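To start, the structure itself, in structure tokens.
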Amino acid sequence: MRIVFMGTPAFSLEALEKLDSLFDIIAIISQPDRPRGRKLKLKPTPTKQYGLEHKIRVMQPEKLDDDFRRELETLNPDIVVVMAFGRILPAWLLDIGRYPPVNLHASLLPKYRGADPIRWPILNGDKKTGVTTMLVREGLDEGEILEQTLININEDDDYSALAKKSSVKGAELLVQTIGKLKDNKIVPVAQNNQEATYAPKLAKDQWIIDWSKSAEEIKNLVRALSKKPGARTSINGKDLKIYKVKLADLNDKPNVILEATNRLVIGCGQGSLEILELQLEGKKVMQAKDFLLGNPLMTGYNVGTDIHPDKDALSLKEHD
């Protein structure tokens, strides 16, 4: 089976490696290299790096136009496999290959169609999600379902953990699906559009913690945004990223620091949260207990956008 693999981020690597071990990957199509990291250096995408290391042809078109189509057709693939390519696919792709192109989507379609299907189940407090192989069609994740695998979401799974689960299960499912397609042992099933839900990219203002929400809702937001980009709040006007929390046993009005000695607890609209892992603006990620050693806080003061008007929540005195 001659496969053209379309994928860009590290999320795609598990599937690329498995497919490469069993089939003939004749080309990898990735988005163009972009500046990354603090120094914004131009670095190869993860899938491009894999291609370079394994001597597989890599294509990085700026445009999916007719010139690129002609180049792709000369490869004469049996099938095009798509996993997190990161761009809307043109209609002409449906005519490439002996078999229709197959896409791996990280949800149990028709739920969570769209660009961010891993974050939204966490954000909504779902207990399960999954991965789906489907035929590529012109609509947004509307192609016929080929196969699905269920994934349980544990209480403390954050985005990084669930993305890893989805990558591993997705790779296994893709290999299984391609094998069944080759042997003509799979029947596509149309999606029920009436059951469809959507998972758009979260806007930056959705990263900000609203402490008037319940502790459970805020915990889900923190999980959905960890480790990147991180849920945001502020202390003394300084940005703070929160990466890990747990439900606490104190209750008070929201936005208020309830405890700041051996642990950092903040009141929510309903319940409270203990902050476990955070990052102060310009500093390294640290445990909350270590943060408190160098940044003594006072209880009763506000966090978030409403800072106490008279005194800083963050003590200015030197820590012994």
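Under our numbering, the residues of the sequence shown are numbered 23 to 342, in order.
Cβ atoms here follow ideal geometry from the backbone N, Cα and C, with glycine treated the same way.
Keep in mind the model is a prediction, meaning the values are calculated, not measured.
- Pairwise C-beta distances place the segment 165 to 173 out of contact with the segment 222 to 229, as fewer than three of them are shorter than 8 Å.
- Rounded to whole angstroms, Thr283 and Thr30 show a C-alpha spacing of 45 Å.
- Every alpha helix (DSSP H) stretch that sits fully inside the segment 48 to 80 and reaches 4 residues is listed by chain position as 68 to 75.
- Membership of Gly316 in any beta strand (DSSP E) is not indicated; the residue belongs instead to the alpha helix (DSSP H) covering 310 to 316.
- A straight line joining the alpha-carbon of Gly252 with that of Tyr265 spans about 6 Å.
- Taking the C-beta atoms as reference points, Leu300 is found nearer than 8 Å to Ala310.
- Contact between Asp138 and Arg245 fails: their C-beta atoms lie close to 14 Å from each other, not under 8 Å.
- When only Cα atoms are considered, Lys223 and Ser129 end up about 15 Å apart.
- Taking C-beta atoms as the reference points, Gly293 and Lys275 fail to come closer than 8 Å.
- Judged by their CB atoms, Pro112 and Leu86 are nearer to each other than the 8 Å cut-off.
- In this structure, Ile48 sits near Leu97, with a CB-CB distance shorter than 8 Å.
- The three-state reading of DSSP puts Glu299 in strand, counting E and B together.
- Apart from the 5 residues on each side of it in sequence, Pro99 sits with its Cβ closer than 7 Å to the Cβ of Arg24, Ile25, Val26, Ile48, Ile118, Gly119 in its chain, given in chain order.
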